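A.B. asks: Residue numbers (the numbering used here): 1 to 486.
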Amino acid sequence: MGIVLKQSFINTIILFLGFAIGGVNVLFLFTHFLHEDYFGLIIFLLSAANILLPLLVFGMQHTVIKYYSSYKTQKEKDGFLISTLLIPLLVIIPVGLIGTYLYETIANWLSSENILIKKYTYLIFIVAILMGYFEVFYAWTKVQFNSVFGNFIKEIFARICTTFLLFAVYFEWITNEQFIYAIVVVYAVRTLLMKLYAYIVYKPQIIFKIPSNIKEILSFSLYIVVAGSAAGILLEIDKFMIPKLEQIAEVAYYSVGIYIASVIAIPTRAMQQITTSIIAKEMNENKLFEVGKLYKQTSINLLVIGGLLFLLINLNVEDLYLLINKPEFTKGISIVLIISLAKLMELAFGTGNAILVNSKYYKIFFYLSLAMAITVVVLNNWLIQLIGIKGAALSSLIVVVLYTIIKIGYINLKFNIKPFSLQTVKLLCLISCIFILFYFWNFSFHPLLNIFLKVILITILYVFLIKKMNISEDINMLFKTYFNKK
1 MGIVLKQSFI
11 NTIILFLGFA
21 IGGVNVLFLF
31 THFLHEDYFG
41 LIIFLLSAAN
51 ILLPLLVFGM
61 QHTVIKYYSS
71 YKTQKEKDGF
81 LISTLLIPLL
91 VIIPVGLIGT
101 YLYETIANWL
111 SSENILIKKY
121 TYLIFIVAIL
131 MGYFEVFYAW
141 TKVQFNSVFG
151 NFIKEIFARI
161 CTTFLLFAVY
171 FEWITNEQFI
181 YAIVVVYAVR
191 TLLMKLYAYI
201 VYKPQIIFKI
211 PSNIKEILSF
221 SLYIVVAGSA
231 AGILLEIDKF
241 MIPKLEQIAE
251 VAYYSVGIYI
261 ASVIAIPTRA
271 MQQITTSIIA
281 KEMNENKLFE
291 VGKLYKQTSI
301 NLLVIGGLLF
311 LLINLNVEDL
321 YLLINKPEFT
331 KGISIVLIIS
341 LAKLMELAFG
351 TGNAILVNSK
361 YYKIFFYLSL
371 AMAITVVVLN
381 NWLIQLIGIK
391 GAALSSLIVV
401 VLYTIIKIGY
411 INLKFNIKPF
421 SLQTVKLLCL
431 ISCIFILFYF
441 WNFSFHPLLN
451 IFLKVILITI
461 LYVFLIKKMN
471 ISEDINMLFK
481 TYFNKK
């Protein structure tokens, strides 16, 4: 776990810093500096681009990680990397031509309920390409076990640029409309920086040679394209569908709640930057014992950290919304709790998705992802109309819990490994007890002071009990290393 812990630790710091900057942007600057319709618009455009991303790059970011370590010679590896840049063009060019021909029809459909969208529809395609190639170049560095810089560019650079642009709107240096175009430029610069760094880490020789296992690569990529698109739908479809069923401003209210809850996912995002490549390498070498060990370790460690974040967020959420001081955004309070529970389930799954994607059973990941996407679309269509934006959050929770249980069962069936133990049960009981204890315990001071006091009390109690109950060997080892020195 050495390289995993080291880079995960750095990536976690980067992600927390990125989320802190993003938190200022989403909770305060977007809500006060940008008109809520344009706030909803930028969220919609980025969500739509994320859904389109896997198709346009043909899943090459995942293909790089799965197959790079399987090649034995440097020439094979170099030819493979160059291919991952060229293959997406076979999709991008025809999709672009079709999109140009049908542009008016597509734009009218997307803007049927919110005419503001129509003018900016073409930006979805451009941003999706920029996002896609960023992920491909980022994958190049991940297979060299170098994930930190890419994580910095992805999580911090774009958010800092967004902060400056929001202030530019506030001081009337740019308009709300110009802000939308400026964000696209930020994504272009981000991709360029990632490309330059990928070449610094490792610059392959330009070899135009079709990989010997091209059929296998294309088969895997095709499945991953659909699976990735389905995963994108699961993550982004709510923000895509809400403008079709509600006013676009509702996306802004929903997105604030989602953003707050997403802080819980920071640990798993940080660890996945490095563990995915390690899992791929160990699966290629058939080291199932190491895979199972990492599976169990990541599950309990992520759940410990995520559990604390879950408590700190949901036991302070009302005070946090008082600080935002925008009454219309309080619609998102219930969304925070619902999505937080979904994020906890994802944390508990550990490296499960990486095991499925990088095993010979990767096709099941495709079928499950497709089923998840269809289920969440059906549930969204029903629940958003029934209970509004809260229905979108509830749909996500139902789908995540149901299909994560199915995936855990499938991995256990095929590899005889599972992420949970008695310690998992103890941890969930601990989280539940602390939540109930503090949920009805409120201070009557200024919201900022209330948050500060609760954070201190909850953290001290939680950390003390985690150590006392010996929940995680890895975390106890960290305590001995850094806090028991004399």
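Heads up, the beta-carbon is just placed ideally off N, CA and C, and yes, glycines get one too.
In this text, all values refer to a predicted model and were calculated from it rather than measured experimentally.
Kindly indicate the opening and closing residues of the alpha helix (DSSP H) around F435.
C.D. replies: Where F435 is concerned, the enclosing alpha helix (DSSP H) stretches over 422–439.
A.B. asks: Could you check whether L427 and G307 sit closer than 8 Å to each other, using their CB atoms as the reference points?
C.D. replies: Yes, the pair counts as a contact, with Cβ atoms nearer than the cut-off.
A.B. asks: Is it right to say S369 is buried, meaning 16 or more other beta carbons lie within 10 angstroms of its own, or is it exposed?
C.D. replies: Taking a 10 Å sphere around the C-beta of S369, we find 16 or more other C-beta atoms and assign the residue as buried.
A.B. asks: Consult DSSP for F171 and reduce its assignment to one of helix, strand or coil.
C.D. replies: coil
A.B. asks: Could you round the C-beta distance between V401 and M372 to whole angstroms and report it? I think they count as a contact, below 8 Å.
C.D. replies: Not quite, the Cβ-Cβ distance comes to about 11 Å (not below 8 Å), so this is no contact.
A.B. asks: Beta carbon of D319, beta carbon of P447: below 8 Å?
C.D. replies: yes
A.B. asks: By DSSP, does K326 sit in helix, in strand, or in coil?
C.D. replies: Three-state result, K326: coil.
A.B. asks: Less than 6 Å between C-beta atoms, sequence neighbours within five positions excluded: which residues of the same chain meet that for G292?
C.D. replies: I417
A.B. asks: Have a look at K363, I324, L302 and flag the residue whose alpha-carbon is nearest the alpha-carbon of L344.
C.D. replies: L302
A.B. asks: Apart from the five residues on each side of it in sequence, which residues of its chain come closer than 6 Å, Cβ to Cβ, to S501?
C.D. replies: Since the displayed the chain opens at 1 and closes at 486, residue 501 lies outside it and no answer follows.
A.B. asks: Buried or exposed: E328, going by 16 or more other Cβ atoms within 10 Å of its Cβ?
C.D. replies: The residue is exposed, with fewer than 16 neighbouring Cβ atoms inside 10 Å.
A.B. asks: How many angstroms separate the CA atom of N25 from the CA atom of E216?
C.D. replies: Roughly 43 Å between the two C-alpha positions.
A.B. asks: Do Y295 and G350 have their CB atoms nearer than 8 Å?
C.D. replies: Taking the C-beta atoms as reference points, G350 is found nearer than 8 Å to Y295.
A.B. asks: So F125 and G96 are in contact, right, with Cβ under 8 Å, and what is the actual spacing, rounded?
C.D. replies: 7 Å
A.B. asks: Output needed for Y202: all residues of its chain with C-beta closer than 6 Å, excluding positions within five of it in sequence on either side, in chain order.
C.D. replies: Q144
A.B. asks: Using the Cβ count rule (16 or more neighbours within 10 Å means buried), how would you classify N358?
C.D. replies: buried
A.B. asks: Could you pull out every residue in the same chain whose Cβ sits closer than 7 Å to the Cβ of M194, ignoring the five residues on either side in sequence?
C.D. replies: F134, F137, Y138, G150, I153
A.B. asks: Can you have a look at G409 and say buried or exposed, based on whether 16 or more other CB atoms are within 10 angstroms of its CB?
C.D. replies: exposed
A.B. asks: Compute the Euclidean distance between the alpha carbons of S444 and I313, then round it to the nearest angstrom.
C.D. replies: 18 Å
A.B. asks: As a quick exercise: from A393, K66, V263, pick the residue whose alpha carbon is nearest that of I305.
C.D. replies: V263
A.B. asks: Identify, in the order they occur along the chain, each residue of the same chain with its Cβ nearer than 6 Å to the Cβ of K363, setting aside the five sequence neighbours on each side.
C.D. replies: Correct list, in chain order: Y223.
A.B. asks: Check the C-beta distance from I471 over to I300 and give it rounded, since I have them as a contact under 8 Å.
C.D. replies: 7 Å
A.B. asks: I need the straight-line Cα distance from F157 to I183, nearest angstrom please.
C.D. replies: 12 Å
A.B. asks: Classify Q385: buried if its beta carbon has 16 or more other beta carbons within 10 angstroms, exposed otherwise.
C.D. replies: exposed
A.B. asks: Which same chain residues, not among the five before or five after F479, have their C-beta less than 8 Å away from its C-beta?
C.D. replies: Close CB contacts of F479 within its chain, under the 8 Å cut and outside five residues either way in sequence, are with K467 (chain order).
A.B. asks: On the three-state DSSP scale, how would you describe V143?
C.D. replies: coil
A.B. asks: Considering only the alpha carbon of each residue, which of L130, A265, F30, Q74 lies closest to R159?
C.D. replies: F30
A.B. asks: Where does K486 land, buried or exposed, given buried means 16+ other C-beta within 10 angstroms?
C.D. replies: With a pLDDT of 42 at K486, under the threshold of 50, the modelled position of that residue is not reliable, and no figure is offered here.
A.B. asks: What separation, rounded to the nearest whole angstrom, lies between the Cα atoms of N108 and L53?
C.D. replies: Here the alpha carbons of L53 and N108 stand approximately 21 Å from one another.
A.B. asks: Whole angstroms are fine: how far does the CA of F365 sit from the CA of K454?
C.D. replies: 41 Å
A.B. asks: Taking the straight line between their C-alpha atoms, what separation do you get for E76 and L309?
C.D. replies: 44 Å
A.B. asks: Only counting the same chain, and skipping five residues up and downstream in sequence, which positions put a Cβ closer than 8 Å to that of Y187?
C.D. replies: V127, L130, M131, F134, A158
A.B. asks: May I ask you to report which of helix, strand or coil DSSP gives S359?
C.D. replies: coil
A.B. asks: How would you call M477, buried or exposed, if buried means at least 16 neighbouring beta carbons within 10 angstroms?
C.D. replies: exposed
A.B. asks: Have a look at D474 and V148 and give me their C-alpha separation to the nearest angstrom.
C.D. replies: 22 Å
A.B. asks: Pull up the distance between the alpha-carbon of R269 and that of I387, whole angstroms please.
C.D. replies: 30 Å
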